[in-house]
Every structure is written in C-alpha cells, then in structure tokens.
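Numbering (my numbering), first residue to last: 6 to 439. For each residue, glycine too, the CB sits at the ideal point set by N, CA and C. Below is one structure, written out as structure tokens; the observations come after it.
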C-alpha cells in the first residue's frame with residue numbers, strides 16, 4: 006500500500022485517506038507518495054480522457070478507494086472536454102477551461118470534492134476546507150464543494166489582486182462557502198492558511214483540510230491530462246515523445262506532469278513558464294532558492310513568491326542538476342505577455358488568456374534556444390480569456406464574448422468578510438465561526 010510522507014521529514018507516514026483529509030502534515034510539510042507506480046504500455050493506446058483518468062488514478066490511489074467507486078467518481082467529475090488545438094507546426098495548446106468555472110482548477114477541485122465526500126460519508130466526520138487563492142483555485146473549490154455534505158469551505162483571497170470575474174465566482178455562492186477578502190498578497194493568504202493547519206488550539210476545535218494544490222487530492226488529477234495530450238498526439242502524429250509547457254505559480258500543475266513522467270509518460274522536457282515571479286526559473290539557473298513577496302501581474306493566478314509545490318519537486322529530484330534533466334525555466338514579463346496575445350491573435354485568430362500567453366512565449370524562447378522543431382510541444386491554456394476581459398480590452402481593444410457560465414457569476418452579489426493579513430485575524434474569524 007502506498008504511504009504518504011511529509012516533505013519536511015518530521016511526521017509519520019499516513020494513508021491516502023489521512024493525507025487528503027488533513028491536507029498538510031503536522032510538521033508543515035506537504036504529503037507525497039513513498040511509491041510511484043509505473044504505467045502499463047496499454048494506457049498509451051487509450052484515447053478516451055475519462056478512461057485515461059481512471060486508469061491513472063488506480064495506480065495513484067491503489068486500493069484506498071474501491072475500483073467501482075473510483076470509476077464512478079472519475080466519470081462524474083470529468084464530464085467536460087480538454088480539447089487540443091494546433092496553432093502552428095508542432096505547437097499545440099490544450100484547453101483546460103471547459104469546466105464549470107472555466108479554469109483548469111476544475112479538474113482537481115471536482116475530483117477532490119468527490120473523494121473527500123466519499124471518505125467523510127464513511128466516517129460521518131465534518132471538516133472545514135481552508136484554502137488560499139491567487140485567482141482560479143477559489144472559484145473552482147467554491148463550485149466543486151458547493152453544498153457538499155459535512156464540508157464547510159473558507160476561501161482567502163488578496164483584496165484587489167484577482168480579476169472582477171474571478172472575485173464574483175468565488176464570493177457569490179453562499180451556503181457552505183465563505184470568502185475572506187484579505188488586505189494583503191496571496192503569499193500572506195497562503196502563510197495564514199499554513200499557520201492554521203499547525204495551530205494546535207484551532208485544530209482541537211475543528212477538522213481543517215486544504216483544497217490548494219498543497220493537498221495531494223488536488224494534485225493527482227493534474228497528472229491525467231498530460232497522458233491524454235500525449236495519447237492524442239501519438240495517434241495524430243505518430244510521435245514517440247512530447248514536450249510540455251506549463252504556466253506556473255504554485256507549481257502544482259507542473260508537479261502533476263512530473264508525476265506522470267515518473268510513472269512512465271515519455272516527456273522529453275517540461276518548460277516551467279512563469280511571469281516575473283520567477284523564483285523557480287531562478288533556482289534552475291543559479292541553484293539558489295530565494296522566495297520573496299509576490300508582485301502583481303496580468304497573469305495573476307501565477308503571482309506566487311514562495312511556491313508550495315517546490316518542496317514536492319525537491320522530493321522528486323533532490324537537487325538542481327537532477328531537475329535540469331527534465332525541466333527548463335523561463336520568465337515572461339507583462340509587456341511580453343500582451344505582445345504575445347496580440348501576435349498570436351493577429352497571426353492565427355486564436356485568443357490567449359494572459360497565463361496561456363506566458364506559456365506560448367516560453368515555448369517560442371525554448372524553440373529558439375534549443376533549436377527544437379521536430380517534437381510536438383503542448384502548452385497548457387489554463388483559463389478562458391473572458392476571465393481577463395478587462396486586461397485584454399484595455400491593452401488590445403478586443404471585446405470577448407463571455408461564456409454563459411461566467412455571465413451568470415457576474416450578475417450575482419459579492420458576499421465577503423474583510424480581514425487583515427495577520428494570522429490572528431484568520432484564527433479569530435475561524436474560532437467565532439466554529
């Protein structure tokens with residue numbers, strides 16, 4: 006049976022059920038599997054996304070969930086597509102924004118909500134999901150856990166640092182979802198959440214869990230679509246390997262891809278694309294990890310100055326030299342982001358969101374630096390461009406038609422509680438709420 010160790014190395018190993026319910030280890034580390042099962046080659050012949058997701062999840066969770074129940078969870082969670090679009094020769098984008106909140110976080114949030122509900126129904130336990138968001142995580146978690154039995158959701162987000170649409174999505178549901186508007190940055194929000202998980206007094210009074218990618222249950226589904234993309238292009242082009250470019254903030258999405266590679270997915274290289282919050286590309290260049298306060302950019306979901314999942318990357322690789330065999334990093338500025346959106350739109354008619362534009366620019370840089378013209382490269386489009394309509398209209402003069410799922414959010418009332426950026430502000434709120 007797979008056990009889960011803490012990346013800090015000071016806590017006992019736990020089961021998948023314990024890891025997903027608790028979210029963070031007692032020593033503040035992130036849980037990671039002590040064994041990574043390998044794919045059978047037959048998986049690379051499957052072209053149905055949900056079946057790929059099911060077969061991959063079986064290897065990741067083993068017998069922690071009965072096979073029939075796991076299949077039911079997978080087929081219920083992933084009832085939307087992940088189209089792959091060819092933009093130019095050997096360059097593709099995988100659209101991960103066709104779920105209910107128009108962002109890739111729907112994959113992780115919907116899977117995790119269903120798995121947690123299954124485990125909680127077994128024990129009749131009640132928990133509070135506590136999560137920090139720099140943009141799309143909050144709306145996906147809010148929607149994924151909305152009205153889920155035995156689960157309360159508290160979401161922290163930085164005031165004035167998410168788009169209007171993102172804010173409406175995560176603040177307008179009500180019911181079992183509470184949004185806390187924090188007078189600070191995403192890193193402040195993330196720090197407050199981590200402090201809550203190790204606060205003995207608070208945890209004696211409530212059962213806290215996280216739905217950020219610090220939770221292994223949120224991370225695992227982000228492996229599934231890497232396998233799907235390779236299988237699709239293998240069938241289409243006959244390719245024997247693939248390159249992925251992942252726009253990265255907290256680095257959970259990239260870590261999901263690294264897990265898939267460790268399971269046997271033939272990935273030639275991962276391109277870690279960041280905005281100017283580039284602590285990981287800097288580490289890959291210098292070998293020194295220097296977290297710092299995040300800086301606001303157009304690609305706000307990537308405004309992270311101390312990525313949590315870097316600890317898991319180190320658990321997988323150990324050091325910079327080992328990482329460099331699989332990962333190369335690029336930083337993209339806001340000016341480059343806008344220029345890229347404009348260029349791609351003028352050349353192809355395809356409209357990128359700012360995060361996808363960071364990915365596309367990094368692909369261009371990689372192709373030039375490594376003279377790569379033969380291997381298919383897939384960059385991940387993580388959110389619908391309409392979620393960033395203000396940025397695109399202001400800088401490019403392009404009006405975007407808003408999908409119906411997003412229009413509905415815009416008409417709803419914002420409901421938030423404003424708090425400061427100190428941990429005591431969060432603790433006092435939770436103690437009163439509980």
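Taking a cut-off of 8 Å on C-beta distances, the segment 368–385 touches the segment 94–107, as three or more cross pairs fall below it. Counting the other CB atoms within 10 Å of its CB gives residue 197 a total of 16 or more, which places it among the buried residues.
Residue 284 and residue 296 do touch by the CB rule: their CB atoms are close to 6 Å apart, below 8 Å. Here the alpha carbons of residue 415 and residue 327 stand approximately 46 Å from one another. For the 8 Å CB-CB criterion, residue 244 and residue 368 do not form a contact.
Annotation: residue 190 is outside any alpha helix (DSSP H) and is labelled neither H nor E by DSSP.
For residue 91, the three-state secondary structure derived from DSSP is strand. Between residue 282 and residue 305, the alpha-carbon positions lie close to 10 Å from each other. Per DSSP, residue 6 lies in no alpha helix (DSSP H) and is assigned neither H nor E. The DSSP-derived three-state label of residue 268 is coil. Under DSSP, the beta-bridge partners assigned to residue 275 are 249 and 332.
Counting only runs of 4 or more residues that sit fully inside the segment 88–148, the alpha helix (DSSP H) segments are 110–128, in chain order.
Contact between the segment 396–405 and the segment 114–124 is not established, with fewer than three Cβ pairs separated by less than 8 Å. Remark: C-beta atoms of residue 255 and residue 309 approach each other more closely than 8 Å. Counting the other Cβ atoms within 10 Å of the Cβ of residue 179 gives fewer than 16, which makes it exposed. Boundaries around residue 37 are those of the beta strand (DSSP E), 36–38, since no alpha helix (DSSP H) includes it. The residue among 344, 386 and 374 with its C-alpha nearest the C-alpha of residue 364 is 386.
In the displayed model, residue 377 falls within coil according to three-state DSSP, outside both helix and strand.
Per DSSP, residue 72 is one residue of the alpha helix (DSSP H) stretching across 72–82. Secondary structure of residue 296 (DSSP, three-state): coil.
DSSP places residue 158 within a strand segment (E or B) once states are collapsed to three. In the three-state DSSP reduction, residue 404 falls in the coil class, being neither helix nor strand. Annotated three-state conformation of residue 384 is strand, per DSSP.
Per DSSP, reduced to three states, the secondary structure at residue 424 is strand. At the C-beta level, residue 123 and residue 78 come within 8 Å of one another.
In the DSSP assignment, residue 14 falls outside any alpha helix (DSSP H) and carries neither an H nor an E. In the three-state scheme derived from DSSP, where H, G and I count as helix and E and B as strand, residue 31 is classed as coil.
From the listed residues 150, 344 and 366, the smallest Cα separation to residue 397 is found for 344. Taking a 10 Å sphere around the C-beta of residue 436, we find fewer than 16 other C-beta atoms and assign the residue as exposed. The DSSP-derived three-state label of residue 368 is helix. Between the C-alpha atoms of residue 372 and residue 434 there is a straight-line separation of about 50 Å. In the three-state DSSP reduction, residue 429 falls in the helix class (H, G or I).
Note on residue 224: 16 or more other CB atoms within 10 angstroms of its CB, so buried under the neighbour-count rule.
Residue 171 and residue 195 have their C-alpha atoms roughly 18 Å apart.
Here the C-alpha atom of residue 214 lies approximately 43 Å from the C-alpha atom of residue 93. DSSP places residue 285 in the helix class (H, G or I) of the three-state scheme.
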